[in-house]
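Residue numbers (my numbering): -12 to 381.
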């Protein structure tokens, strides 16, 4: 009962609702609304739409580090409040963004706005139940980012402006909810070290955790590689229509959502994260390799479910492990830098995946992605280190 109270406290509930709305809008905007509205309503070309989406991820990733610094200097309420105002500004610009530069600016502004809330959620995770609470936040994130495109697609089939107003209303509601956030700093106390010294500490942490860095970049790069090719791979290689492809995604998403919190709690209970990471990476690698050979649909659904379970096994343990390296008095800055490092892979992954698909075909992307994930898993088998024992490095 105490665990449930701590997990679902008023503060956690407030952050969770804001995170859900923000990620719902992100998923709906990037996957459904911006591509369709930009092309069909505003008459923009696909390359401009692609640049706009890249601008969103670029600002989100780069500014995570800067926002982390702000969270160590200003109150949580102020940083989140200003960020969500930037999101609203970006959404308000969309209907009048018939010029490419304005459309790109609108998308980038929303990238600025969503950065703070995720970093705040990470700083609020308690040390004794990191993996379970990470699993909870990632469940919220996954529901939002996955549910947004589904709802938006249904609404846009009837009226695009209705979908737009839904996104705008949710953005405003998120901003209003941010008024109830605590007026404390993320670190809980005034930062005692100058900025230069804070970065020296974080540089030392990055050097100490250098064996984690390949996983930080490569796992997000692998996911990014799949984004440009999965829909066409499902249609061209697996012979699936839209409904069957949706079923495939639903299988993976369902297994991820129902497994995140249980796997996080199991990771906390057993202690140590090494074998959760190893198992997760190797299962993802094996599943991607098997899907790349284009098996029957029912096999693909099973393999996608395994992917979801593997992702749920990996993610809470991975982020709980990273938490060991966040300086206690610079949590916002620390999580911001770590998120930026991981975001590098997400930015370069789509370019690599698209180029590889053009040169060697769609199947090659899944094949090489699977091999890469398996190599990461085996890498961490043979290179154990102290952080796997879940000791906090002060």
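Where a beta carbon is used, it is the ideal one built from N, C-alpha and C, also for glycine.
- Task: From the DSSP output, in three-state form, read off residue 84 for me.
- Result: coil
- Item | Reference residue 163; option with closest CA among 276, 74 and 57 | 74
- Query: Where residue -2 and residue 168 are concerned, what is the direct C-alpha to C-alpha distance, given to the nearest angstrom?
  - Reply: 8 Å
- Message: Just verifying my parser: in three-state terms, what is the DSSP assignment at residue 283?
- Response: coil
- Message: Just to confirm, is the Cβ distance from residue 44 to residue 333 under 8 Å?
- Response: yes
- So, are the CB atoms of residue 301 and residue 267 less than 8 Å apart? yes
- Query: Considering residue 150, what are the terminal residues of the alpha helix (DSSP H) in which it resides?
  - Reply: 147 to 164
- Query: Since residue 260 and residue 304 are thought to touch, with beta carbons under 8 Å apart, how far apart are those beta carbons, to the nearest angstrom?
  - Reply: 4 Å
- Item | Rounded straight-line distance, which links the Cα of residue 190 to that of residue 130 | Looking at the two C-alpha atoms, the distance is approximately 34 Å.
- If you compare alpha carbons, which of 270, 234, 132 and 20 is closest to residue 142? 20
- Query: Can you name, in chain order, every residue of its own chain whose Cβ lies under 7 Å from the Cβ of residue 244, other than the five neighbours on each side?
  - Reply: 126, 129 and 130
- Pair within 8 Å by beta-carbon distance, residue 84 and residue 29: yes
- Between residue 160 and residue 324, what straight-line distance do the alpha-carbon atoms span, to the nearest angstrom? 29 Å
- Task: Take residue 67 as the anchor and find which of 152, 137 and 97 has the nearest alpha-carbon.
- Result: 97
- CB residue 295 to CB residue 242, shorter than 8 Å? yes
- Task: Check each candidate in 309, 1, 251 and 4 and name the one with the smallest Cα separation from residue 201.
- Result: Distance from the Cα of residue 201 is smallest, within the candidate group 309, 1, 251 and 4, for 309.
- Task: State whether the region 246 to 255 contacts the region 273 to 285, with contact taken as three or more CB pairs (one from each stretch) at a distance under 8 Å.
- Result: no
- Report back the beta-carbon spacing between residue 347 and residue 224 to the nearest angstrom; my notes put them in contact at under 8 Å. Not confirmed; about 13 Å, so no contact.
- Is the Cβ-Cβ distance between residue 103 and residue 54 less than 8 Å? yes
- Message: Given this structure, state the Cα-to-Cα distance separating residue 135 from residue 150, to the nearest angstrom.
- Response: Their backbone Cα atoms lie some 10 Å apart in a straight line.
- Item | Three-state class that DSSP yields for residue 32 in the structure shown | It is coil, neither helix nor strand.
- To which residues of the same chain is residue 91 closer than 8 Å at the C-beta, ignoring the five residues directly before and after it? 35, 38, 39 and 42
- Message: Relative to the C-alpha of residue 27, which candidate in 4, 76 and 144 has its C-alpha closest?
- Response: 144
- Task: Can you give me the start and stop residues for the alpha helix (DSSP H) that residue 361 sits inside?
- Result: 349 to 369
- Item | residue 82 and residue 31 closer than 8 Å at C-beta | No, the Cβ-Cβ distance between residue 82 and residue 31 is not below 8 Å.
- What's the gap between the Cα of residue 289 and the Cα of residue 328? 32 Å
- Item | Rounded C-alpha distance that separates residue 205 from residue 48 | 15 Å
- Task: Confirm, please, whether the CB-CB distance from residue 339 to residue 212 is below 8 Å.
- Result: Judged by beta-carbon spacing, residue 339 lies within the 8 Å limit of residue 212, meaning their Cβ atoms are closer than that value.
- Message: Within a Cβ cutoff of 8 Å, which residues of the same chain sit near residue 281, ignoring the five residues on either side of it in sequence?
- Response: Cβ-Cβ distances below 8 Å link residue 281 to 224, 225 and 350 in the same chain, with the five nearest sequence neighbours on each side left out; the list follows chain order.
- Less than 8 Å separating the beta-carbons of residue 361 and residue 278? no
- Using three-state DSSP, classify residue 49 as helix, strand or coil. Three-state DSSP puts residue 49 in a helix.
- What did DSSP end up calling residue 6 once you bin it into helix, strand or coil? helix
- Query: Where does the unbroken alpha helix (DSSP H) through residue 204 begin, and where does it stop?
  - Reply: 200 to 213
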